[in-house]
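**Q** Have a look at the structure that comes next, please.
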Amino acid sequence: MNTAGDLLHVVTADNISDQQRRFGKLIVLGSAALMFFVAGLQTADQNGWIDLGFETWRPTLYAYIFWGICLCAGQVIARGEHGKRTLFVLPAALFVVSMVVFPLLFGLIIAFSDWNLASPNGRQFNGWNNIRQMWADPFYWNAMRNMVWYSLAIIVEYAVAFALALLLNTQIKGRKFFRVAFLLPLMLSPVAVSWMIGKSMLENRFGPIARILREMGVENPSFFSSPEIARLMIMLMDAWTYIPFMMIMILAGLQAIPKELHEAAEVDGASAWTRFWEVTFPLMLPVSITAILIRIIFKLKLADIIINITSGGPGGATDSVTSFIFREYRDRSNVGYGTMLAMFYLVVIVIAMTILIKGADRWMRPRY
Amino acid sequence: MSDQIFRDSNADRAFKAKRFTGRAVIYGILILWALIALFPIYWTITTSFKMAPDVMKGNIVPYWDYTPRWLGWRSLGLSPDTIGNESTVRAEFLKRFWNSVIIAVSASVIAVGLGSCAAYGLSRFNYKFGFMRNSDISFFFLSQLILPPVVLALPFLVLYKALAMLDTRIGLILLYTLTVLPIVIWIMRDQFSSIPSELEEAALVDGLSIWGAFLTIILPIALPGMVAAFILSLVLTWNEYFFAALLTSSDAKTLPVMVASQTGSQGISWWSMAALSFAAILPLIVIGIALERFIIKGMAAGAVK
């Protein structure tokens, strides 16, 4: 990212008259004023100070969109060539800010209030009560602990993915077939996977895997009744879906290694085993770390298969944080508490990921 | 051919045997993993043609140990004999399918459009938004990837309720665009930085505006990257379940939500569930087989710098 930017300089001289510049500013400020006016009217209406009969907050939304358009147009009118260049990034930035920053701020307000959508009282500010409740909630901490287990499973996934990528990188026939076959699990929706594997193949009575186990002498195989095995099953299913993802990233990395390095090592008499540990693996470290970090990010969102197969059971043994909060809302409509749990999770994730990224960076480029 | 004059020395023969076993092991592992990857899909297809006794006996190979029936597909209204008739299940299924198509395609199109422009701008110009410079803006976009959906879900639930956007397609489209935008920007940034900026310089000298140069010269070159980003977005948005389960109830329900609600309730009528699951994953299997190289290209973009 260091070389990016500053590649194309503005060389054309724009002749922007003062009038134009003023007009550009005017439409931005004017539409902003309109937006605040509408929002103010709606707030007043909502609080019952005046009665304008607004059903929803849509007028404010429309005013906001109008302001966004005016802001983009104003850039071009008032700043000419520079404005046109800003226009590349501005829409995406506006979109993300309005879709993330506003809801997050709003979420903070919700997080510190007692708000049950089913109760008629509406939102009530309750200070630190949600945090206290969270601190004493054994199921939430249990879900957090499960997330650590789920994340640790990535190490095994990484090893399998690396092995498969190495095999695919050798001279084999039908490489395209194997690549497509290995890729397919990634394309399937987790919901369908949870039926295909979790609910039919792992079914106790008629599922093929239970049948094989019974043939092998296991009495009454069951996959989701004991906590450890249930968690292991969720890990395996998630691994099944996402191993192709890591495999492809690692394969791309392997293909980028110049062949000469291997040939040189071979000429020097290194065995295949040494060649791997002394040449391939160190060269693959940057790619591996990227792949693992992205995989961790995806893993932290794990929920779909848990919601659909075990809904957290038995006794919360398979709960991920996301599925726990999902049920907190589904079963109890508890928006305030659920949001607090989610916000806390976000804080933990941001801290953990920052430490991981910094640590990986440090480790890759040690400073002497 | 017993009197061969030239023959391999014993050392070479041993090497050959070793090499052969090596090959065998490699192919063995590859085939084993291909089985692991493909068997659930095979299982789903075959189960959709089974009847109750076949399920209970655990028959696996069609025609050999059971006769395929259209049972599962009939319950969906998609078997040959019911395809002409009215079917409420089929109408429901097609509605959900259509919802999924509209939502996934429009979210991906919007994300690729917004994301390509942003990635191009970030790879070519110097920005200063307040204290944020290019690298900060890039980081801001990419950091959205870390944001778990559950953090946004409940605020959005309340916001959409206030905006009367619960259970609408547009609400889901906006959220899905948000979730795939960082991935698109990541792929496209990689793509644009591999295109030399001399191309635009030449175009600008010839009198094109910067947007003209972007649209007529750079975009066609970056098209493979855009297709890769589009396909990846399509896969992710098609499969999305969490937001759809929270934010839709009847009108805008997508296919995964329908599959989830159906598979939760029915006991042993595996044939209809299998048919439904298979119908839900079929589009992606087709995409996966036909456009495999684009998907791989998209995922590899971030890996190798």
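Going down the list, the sequences are from chains A and B.
Each residue of the first sequence is one higher than the one before, starting from -2 at the first, in our numbering.
Each residue of the second sequence is one higher than the one before, starting from 131 at the first, in our numbering.
A virtual CB, placed ideally from N, CA and C, is assigned to each residue, including glycine.
Quick caveat: nothing in here was measured; it's all calculated off a predicted structure.
Give the single residue among A:166, A:77, A:179 and A:167 whose Cα lies nearest to the Cα of residue 415 of chain B.
**A** Nearest of A:166, A:77, A:179 and A:167 to residue 415 of chain B, Cα basis: A:179.
**Q** Less than 7 Å separating the Cβ of residue 413 of chain B from some heavy atom of the ligand ZN?
**A** With respect to the ligand ZN, the structure shown offers nothing to examine, as it has no ligands at all.
**Q** Once DSSP output is grouped into helix, strand and coil, what is the label at residue 43 of chain A?
**A** Residue state, collapsed to three classes: helix.
**Q** How far does the alpha helix (DSSP H) with residue 127 of chain A in it extend, from its first residue to its last?
**A** Start and end: 126 to 132.
**Q** Between residue 158 of chain A and the rest of its own chain, which residues show a CB-CB distance below 7 Å, the 5 nearest in sequence each way excluded?
**A** Within the same chain, residue 158 of chain A has close Cβ partners 240, 243, 244 and 247.
**Q** When you compare the CB of residue 63 of chain A with every CB in chain B, is at least one pair closer than 8 Å?
**A** For residue 63 of chain A, the answer is no, since every Cβ of chain B falls outside 8 Å of its Cβ.
**Q** For the alpha helix (DSSP H) containing residue 205 of chain A, name the first residue and the last one.
**A** 205 to 212 is the span of the alpha helix (DSSP H), which, as asked, contains residue 205 of chain A.
**Q** Of the residues that make up the region 292 to 308 of chain B, which ones have a beta carbon closer than 9 Å to any beta carbon in chain A?
**A** Of all residues in the region 292 to 308 of chain B, 292, 293, 294, 295, 304, 305, 307 and 308 have a Cβ within less than 9 Å of some Cβ in chain A.
**Q** Alpha carbon to alpha carbon, how far is residue 100 of chain A from residue 340 of chain A?
**A** Between residue 100 of chain A and residue 340 of chain A, the C-alpha separation is close to 12 Å.
**Q** Express the C-alpha separation of residue 17 of chain A and residue 23 of chain A in angstroms, rounding to a whole number.
**A** Roughly 10 Å separates the two Cα atoms.
**Q** Would the beta-carbon of residue 184 of chain A fall within 8 Å of that of residue 286 of chain A?
**A** Not a contact, by the Cβ cut-off of 8 Å.
**Q** For a contact defined as C-beta to C-beta under 7 Å, what are the partners of residue 96 of chain A on chain B?
**A** Per Cβ cutoff of 7 Å: 304 and 308.
**Q** Would you call residue 143 of chain A buried or exposed, if buried means 16 or more other Cβ atoms sit within 10 Å of its Cβ?
**A** Looking at its Cβ environment, which holds 16 or more other Cβ atoms inside 10 Å, residue 143 of chain A is buried.
**Q** Counting only beta-carbon separations shorter than 8 Å, does residue 376 of chain A have a partner in chain B?
**A** Any question about residue 376 of chain A goes unanswered here, given that chain A covers just -2 to 365.
**Q** Residues in its own chain within less than 8 Å of residue 211 of chain B by CB, not counting five upstream and five downstream?
**A** Excluding positions up to five away in sequence, the list reads 200 and 204.
**Q** Output needed in chain order: residues of the region 181 to 201 of chain B with a Cβ under 9 Å from some Cβ in chain A.
**A** Taking 9 Å as the Cβ-Cβ cut-off against chain A, the residues of the region 181 to 201 of chain B that qualify are 185, 186, 187, 188 and 190.
**Q** Looking at the strands, I want to know which residues DSSP matches up with residue 262 of chain B.
**A** Partner(s): B:259.
**Q** Can you confirm whether residue 247 of chain B, when its beta carbon is compared against all beta carbons of chain A, has any partner nearer than 8 Å?
**A** Yes, residue 247 of chain B lies at the interface with chain A (some Cβ there is under 8 Å from its Cβ).
**Q** What are the partner residues of residue 126 of chain B, as DSSP defines its beta bridges?
**A** It is not possible to answer for residue 126 of chain B, since the shown part of chain B is limited to 131 through 435.
**Q** Closer than 8 Å by beta-carbon distance: list the chain B residues that pair up with residue 104 of chain A, in chain order.
**A** Near residue 104 of chain A (Cβ distances below 8 Å), the residues of chain B are 281, 282, 284 and 285.
**Q** Does any residue of chain B have a CB that is nearer than 8 Å to the CB of residue 131 of chain A?
**A** It does not; no Cβ of chain B falls within 8 Å.
**Q** Give the DSSP-derived three-state secondary structure of residue 122 of chain A in the structure shown.
**A** It is a strand residue.
**Q** Given this structure, state the Cα-to-Cα distance separating residue 57 of chain A from residue 85 of chain A, to the nearest angstrom.
**A** Roughly 26 Å separates the two Cα atoms.
**Q** Check whether the Cβ atoms of residue 347 of chain B and residue 358 of chain B lie closer than 8 Å to each other.
**A** In this structure, residue 358 of chain B does not lie closer than 8 Å to residue 347 of chain B by Cβ.
**Q** So, does the CB of residue 249 of chain A fall closer than 8 Å to a CB anywhere in chain B?
**A** True, the Cβ-Cβ gap to chain B drops below 8 Å.
**Q** Taking Cβ-Cβ distances shorter than 8 Å, what residues in chain A pair up with residue 250 of chain B?
**A** Within chain A, the residues near residue 250 of chain B are 85.
**Q** Please confirm if residue 369 of chain B has its CB atom under 8 Å from at least one CB of chain A.
**A** Cβ-Cβ to chain A under 8 Å: yes for residue 369 of chain B.
**Q** Nearest-angstrom Cα distance between residue 65 of chain A and residue 174 of chain A?
**A** Residue 65 of chain A and residue 174 of chain A: Cα-Cα distance of roughly 48 Å.
**Q** Going by DSSP, what residue range makes up the alpha helix (DSSP H) through residue 352 of chain B?
**A** From DSSP, the alpha helix (DSSP H) with residue 352 of chain B extends over 349 to 369.
**Q** Can residue 407 of chain B and residue 189 of chain A be called in contact, C-beta distance under 8 Å?
**A** Cβ atoms of residue 407 of chain B and residue 189 of chain A: closer than 8 Å.
**Q** Just to confirm, are residue 361 of chain B and residue 302 of chain B a CB contact at a threshold of 8 Å?
**A** Their beta carbons are not under 8 Å apart, which means residue 361 of chain B does not touch residue 302 of chain B by this criterion.
**Q** Contact criterion: CB-CB distance below 8 Å. Does residue 163 of chain B meet it with respect to chain A?
**A** Yes, residue 163 of chain B lies at the interface with chain A (some Cβ there is under 8 Å from its Cβ).
**Q** Count the other CB atoms, across all protein chains shown, that sit within 10 Å of the CB of residue 90 of chain A; report buried if there are 16 or more and exposed otherwise.
**A** Residue 90 of chain A is buried by the Cβ-count criterion.
**Q** Nearest by alpha-carbon distance to residue 346 of chain A: which of A:334, A:320, A:15 and A:298 is it?
**A** The residue with the shortest Cα to Cα distance from residue 346 of chain A is A:298.
**Q** Starting from the C-beta of residue 192 of chain B, find all residues in its chain whose C-beta is less than 8 Å away, skip the five residues before and the five after it, and write them out in chain order.
**A** 176, 179 and 198, listed in sequence order.
**Q** Does the beta carbon of residue 401 of chain B come closer than 8 Å to any beta carbon on chain A?
**A** It does not: the Cβ of residue 401 of chain B has no partner Cβ on chain A nearer than 8 Å.
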